[in-house]
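Colleague:
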Amino acid sequence: MGYRAKLMSLPKSKYLELKDKTEEELGEDFYFGDIEGLKELHEIGKDWDDKAVSCKKNFFTNKMEWESDMEFCVAEKELLLNLIDNYREKTANWYKRLQAMPLDELKHEMHTKYQHWSGQWIPYNIDEKSEDIVRAWSYEYVVFELVRILKSFDFEKNVLIFEAG
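Counting from 45, one number per residue, gives the positions in the sequence shown under our numbering.
1) Quick one, which of E109, D94, V187 and L124 has its alpha-carbon nearest G71's?
2) DSSP three-state label for S196, please.
3) Leaving aside the five residues before and after E189 along the sequence, list all residues of the same chain whose C-beta is less than 7 Å from its C-beta, in chain order.
4) Is N126 buried or exposed, if buried means 16 or more other CB atoms sit within 10 Å of its CB?
5) Roughly how far, in whole angstroms, is the beta-carbon of A119 from the beta-carbon of F206, given that I think they are within contact range, below 8 Å?
6) Give the straight-line distance between the Cα atoms of K121 and Y131, rounded to the nearest whole angstrom.
7) Using a 10 Å radius around the Cβ and a threshold of 16 neighbouring Cβ atoms, would you call A136 buried or exposed?
8) Would you check if the distance between the CB atom of L62 and the CB atom of L82 is smaller than 7 Å?
Written as structure tokens, this is what we have:
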């Protein structure tokens with residue numbers, strides 16, 4: 045944990061074309077963001093649990109020198125399910141902590157929620173050009189974005205990518 049992480053989609057045909065390449069074949073100017081067809085699905089930020097994403101595998105079959113600095117991995121449906129469950133647990137734990145908070149701290153938490161829903165920091169996204177339904181990073185909202193990805197991702201035609209770095 046500590047790296048900013050993203051979930052991305054890549055056409056399976058492009059993955060099959062790239063996965064066995066070496067660093068020499070890719071060239072020193074290779075940058076993941078330039079891969080044709082790579083599409084960001086959602087940035088999950090920095091607060092993800094290593095256990096929840098442990099089911100991923102390296103994108104490249106060959107060892108890459110830069111792998112210690114970042115992760116660019118292939119993930120399966122299990123990773124999404126693990127993240128959804130992890131965020132559900134974090135949300136439940138947060139609500140449990142709310143029950144034990146002193147009143148002044150609880151009021152602060154409720155004021156933050158008020159700011160979200162009063163229009164200062166709207167947690168949902170109605171931009172029709174964007175597939176995202178959530179704009180907030182709060183666990184209780186992000187879980188819905190992950191469910192959207194789970195339900196709409198075509199695992200037959202695309203490869204789910206977990207990128208952190």
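All residues carry an ideal CB built from backbone N, CA and C; glycine is no exception. Small disclaimer: the values here were computed from a predicted structure and weren't measured.
Modeller: So, from the data block:
1) Taking the sequence shown and counting its residues from 1, the one referred to as residue 71 is at position 27. Ranking the options by Cα distance to G71, first place goes to E109.
2) Along the sequence shown, one-based indexing puts residue 196 at 152. Residue state, collapsed to three classes: helix.
3) By 1-based counting over the sequence shown, the position of residue 189 is 145. These residues qualify, in order along the chain: H86, D176, I177 and V178.
4) As a working note, residue 126 is residue 82 in the sequence shown. That one is buried.
5) Here residue 119 refers to the residue found at position 75 of the sequence shown. Here residue 206 refers to the residue found at position 162 of the sequence shown. Yes, they are in contact, since the Cβ atoms of A119 and F206 sit about 5 Å apart, within 8 Å.
6) Taking the first residue of the sequence shown as 1, we reach residue 121 at position 77. Taking the first residue of the sequence shown as 1, we reach residue 131 at position 87. Computed Cα separation, rounded: 16 Å.
7) For the purposes of this step, residue 136 is identified with residue 92 of the sequence shown, where counting begins at 1. By the 10 Å Cβ count, A136 comes out exposed.
8) Start at 1 with the first residue of the sequence shown, and residue 62 comes out as number 18. Start at 1 with the first residue of the sequence shown, and residue 82 comes out as number 38. It is not a contact, given that the beta carbons lie outside the stated cut-off.
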